Amino acid sequence: MCNCKNTLTEFEKRVICEKGTEPPFNNEYWDNKSPGIYYCKCCGAELFSSEHKFDSGTGWPSFYISTGEVLEKADFTGGMTRIEAMCGRCRGHLGHIFGDGPAPTGIRYCINSASLIFKPKYGEKSGN
């Protein structure tokens, strides 16, 4: 995991490699409404489409469907039982998965912006 340490900032290393969490409502993509694709910041794997992004009210980017490149792993840290979301290619930490998302899946992928790179849909500008 974290073969890309040299290309990450210290904060990104803490989130992706050390399974940290960025602050809610104070991260790059929590309110991004532009059409496009979200990729793993570490390895470039395609992870999420803006078509499946929704406002969960949590302050983190939230999606209800992934591309299939997201792995799930039981996480018992901090005295909690959660499901960790990891990149299926590089195993970098993305965030956590919860069962309170919208239809049709009922899943909420709660993802750290620090783990993502957003590329706007061709012909679109990035931004809100």
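Numbering follows my numbering, with no gaps: position 107 of the sequence shown is 519. Note that the Cβ used here is the ideal one computed from N, Cα and C, for glycine as well. Note that the coordinates shown come from a computational prediction; the quantities given were computed from them, not determined experimentally.
Sheet register partners of residue i (DSSP bridge)
i	result
Gly456	Bridge partners of Gly456: none, in fact.
Gly448	Pro532
Phe466	Ser474
Cβ-heavy atom distance, residue i to the ligand HEM, below 6 Å
i	result
Asp487	Looking at this structure, you won't find the ligand HEM or any other ligand, since it has none at all.
Proximity to residue i [Cα-Cα], best of the options
i	options	result
Arg501	Ile428, Ile449 and Ala457	Ala457
Gly504	Cys429, Pro447 and Asn418	Cys429
For residue j and residue i, believed in contact at Cβ under 8 Å, the rounded distance
i	j	result
Thr419	Ile477	Incorrect: roughly 28 Å between the Cβ atoms, too far for contact.
Exercise. Is there contact between the stretch 414 to 430 and the stretch 468 to 481, where contact requires at least three CB pairs shorter than 8 Å?
Worked result: no
For this session: Give, in chain order, every unbroken run of the beta strand (DSSP E) that is at least 3 residues long and sits entirely within the stretch 479 to 536.
Result: 482 to 487, 494 to 499, 505 to 510, 520 to 523 and 528 to 532
Exercise. Does the stretch 481 to 493 come within contact of the stretch 510 to 519, defined as at least 3 CB pairs closer than 8 Å?
Worked result: no
Exercise. Would you call the stretch 488 to 501 and the stretch 441 to 450 in contact, with 3 or more CB pairs under 8 Å?
Worked result: no
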